[in-house]
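To start, the structure under review is shown below, and the notes come after it.
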Amino acid sequence: MKVCHRLNDLRKHMEENGILATVIMSPENQFYLSGFKALTYSRPIALFVERNKTRLIVPGLEEVHAKEVANVDEIHVYYEHPEKAAIGTNSEEFINKILTGYPKGSKIGADLAHSSAELILKMKDLGHEIADVGSKIIESRYIKDEDEIDLITEAGRLVSLAVNESLQVCRPGVTELEIDATGNNALFAETSRKHPNATLGLSGMSPSGSKRTVMPHIFSNTRKLEEGDLLIHTRQVSFNGYRAELERTVIIGEPTKQQKQVFEVMRTAQQVALEFIKPGVTAAEVDKVARDVIDKEGFGEFAVHRVGHGIGISAHEKPYLRFDNDLILKEGMVFTIEPGVYIPGLGGFRHSDTVLLTSNGNKLVTDYSRGLESMALL
Numbered sequence: 001m002k003v004c005h006r007l008n009d010l011r012k013h014m015e016e017n018g019i020l021a022t023v024i025m026s027p028e029n030q031f032y033l034s035g036f037k038a039l040t041y042s043r044p045i046a047l048f049v050e051r052n053k054t055r056l057i058v059p060g061l062e063e064v065h066a067k068e069v070a071n072v073d074e075i076h077v078y079y080e081h082p083e084k085a086a087i088g089t090n091s092e093e094f095i096n097k098i099l100t101g102y103p104k105g106s107k108i109g110a111d112l113a114h115s116s117a118e119l120i121l122k123m124k125d126l127g128h129e130i131a132d133v134g135s136k137i138i139e140s141r142y143i144k145d146e147d148e149i150d151l152i153t154e155a156g157r158l159v160s161l162a163v164n165e166s167l168q169v170c171r172p173g174v175t176e177l178e179i180d181a182t183g184n185n186a187l188f189a190e191t192s193r194k195h196p197n198a199t200l201g202l203s204g205m206s207p208s209g210s211k212r213t214v215m216p217h218i219f220s221n222t223r224k225l226e227e228g229d230l231l232i233h234t235r236q237v238s239f240n241g242y243r244a245e246l247e248r249t250v251i252i253g254e255p256t257k258q259q260k261q262v263f264e265v266m267r268t269a270q271q272v273a274l275e276f277i278k279p280g281v282t283a284a285e286v287d288k289v290a291r292d293v294i295d296k297e298g299f300g301e302f303a304v305h306r307v308g309h310g311i312g313i314s315a316h317e318k319p320y321l322r323f324d325n326d327l328i329l330k331e332g333m334v335f336t337i338e339p340g341v342y343i344p345g346l347g348g349f350r351h352s353d354t355v356l357l358t359s360n361g362n363k364l365v366t367d368y369s370r371g372l373e374s375m376a377l378l
């Protein structure tokens with residue numbers, strides 16, 4: 001992964017604000033700035049970005065991995081092994097040593113939303129001034145570069161394939177978990193066939209029925225589909241670290257008049273937002289055009305969440321397409337568009353697509369039918 005331009009952008013910010021060094025604890029921000037992404041549980045990883053070098057602190061079980069893929073100048077390793085205890089046994093030893101090496105009173109940057117109180121207090125105890133750079137890094141992540149767009153585009157192709165495969169098996173008697181598994185298996189096979197040595201991350205849920213579909217985020221379970229059910233099939237695929245999302249609401253069998261009505265309101269709201277979103281409009285305006293469609297039909301109280309969110313390294317990331325976000329959208333941003341309507345006793349209705357903002361408007365990253373004629377599975 002090419003990270004030089006990202007580091008240069010951060011270093012320019014550091015220089016302009018008198019920041020000597022920045023310590024980054026967020027795994028997503030570490031990946032963005034170094035290309036290194038590990039499964040972090042109980043063993044902290046830290047990335048130091050200084051004016052002329054980068055240093056990565058990792059546990060011993062990540063040593064080989066870091067040396068293979070991390071775009072950094074130095075790697076410091078702490079060990080859980082008696083014969084290597086003299087080198088260092090925890091991340092705090094290396095972090096403290098580096099921080100102590102800076103002149104007292106230095107301004108040190110940190111992604112504060114992901115930094116522990118212990119780390120902040122340590123920097124204060126050493127007499128350092130603390131500056132938040134987390135917002136700057138997140139803002140840099142708003143605009144995707146060419147490499148990121150390529151990865152998101154392929155993630156969009158893969159998630160579209162998986163949704164197609166999962167929806168093919170939707171019928172009475174099939175469980176939510178079986179629906180998810182069908183798409184998962186197709187994903188694994190296609191990615192293995194086309195992309196040697198690729199990494200794949202996936203998440204999905206397929207709540208069904210009138211009770212479960214009004215809960216927008218709920219794990220799939222062993223419930224079996226029944227005739228007349230609503231089903232919201234939700235998928236994200238991460239391809240080599242970058243994500244795309246696709247969701248579809250389907251009806252098992254012949255839809256009722258009320259199901260048809262609310263489905264069309266949701267579908268129209270999404271279509272209006274997809275046609276509207278482009279560079280130059282605000283995030284709040286995108287939310288409003290979708291919400292206006294839902295409000296006009298009398299379902300406004302059941303539209304309980306924003307119309308979409310940024311997506312890339314993280315499943316949900318800024319900017320958020322909310323009613324109170326006046327950020328002007330720019331070319332290179334990537335969003336989900338997913339207005340939802342959730343009516344107790346009837347069920348939930350939500351489509352989601354991933355869209356890239358371009359110089360002349362936008363481009364869909366995901367590809368699957370949105371109309372009722374395709375979503376009623378007879």
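Its first residue numbered 1, the sequence shown is counted upward by one per residue in the UniProt record's numbering. Even glycine gets a Cβ: it sits at the ideal position worked out from N, Cα and C. What you are looking at is a predicted structure, and each value in this text was computed from that prediction instead of being measured.
Same chain, Cβ closer than 7 Å to residue i, neighbours up to 5 away in sequence not counted
i: S67; result: For the sequence presented, residue 67 should be read as Lys rather than Ser. Closer than 7 Å at the Cβ level, and outside the excluded window around K67, lie I75.
i: V289; result: V272, A273 and F276
i: F31; result: K37, G241 and I313
i: D287; result: R306, V307, L321, R322 and F323
i: residue 386; result: Residue coverage of the chain in this structure runs from 1 to 378, which leaves residue 386 outside it and unanswerable.
Collapsed DSSP secondary structure at residue i in the structure displayed
i: D353; result: strand
i: N362; result: strand
i: E317; result: strand
i: A117; result: helix
i: K107; result: strand
i: H13; result: helix
For residue i, the first and last residue of its enclosing beta strand (DSSP E)
i: residue 389; result: In this structure the chain extends from 1 to 378, so residue 389 is not present and cannot be described.
i: Y242; result: Y242 to I252
i: M205; result: L200 to M205
i: E129; result: E129 to D132
i: R235; result: L230 to F239
i: E74; result: E74 to Y78
Cβ shell of residue i (< 6 Å), same chain only, five flanking positions each side left out
i: E317; result: G310
i: K363; result: L356
i: K224; result: G173 and T175
Within 8 Å, strictly: CB atoms of residue i and residue j
i: S34; j: N71; result: yes
i: G88; j: S210; result: no
i: H5; j: K136; result: no
i: I337; j: F302; result: no
i: I294; j: A269; result: yes
i: T256; j: L230; result: no
i: V282; j: F263; result: According to the sequence provided, residue 282 is Thr. The question's Val does not apply to it. No. Outside cutoff.
i: K122; j: I130; result: no
i: Y41; j: G60; result: no
i: T354; j: L246; result: yes
i: L126; j: K104; result: yes
i: L47; j: I24; result: yes
Endpoints, alpha helix (DSSP H) assigned at residue i
i: E285; result: A283 to K296
i: A155; result: E146 to Q168
i: S192; result: E176 to K194
i: P27; result: P27 to S34
Same chain, Cβ closer than 8 Å to residue i, neighbours up to 5 away in sequence not counted
i: G300; result: R291 and I294
i: G340; result: P216, M266, A303, V304, H305, G348, F349 and R350
message: Measuring CB atoms only, is the region 212-225 touching the region 189-197, in the sense that at least three cross pairs come out at less than 8 Å?
response: no
- prompt: Quick check: the region 366-375 against the region 325-335, are there 3 or more CB pairs under 8 Å?
  reply: no
message: With three or more C-beta pairs closer than 8 Å as the rule, is the region 101-120 touching the region 18-26?
response: yes
message: Whether or not the region 182-191 and the region 156-169 are in contact is what I'm after, with contact meaning three or more pairs of Cβ atoms, one per stretch, closer than 8 Å; do they touch?
response: yes
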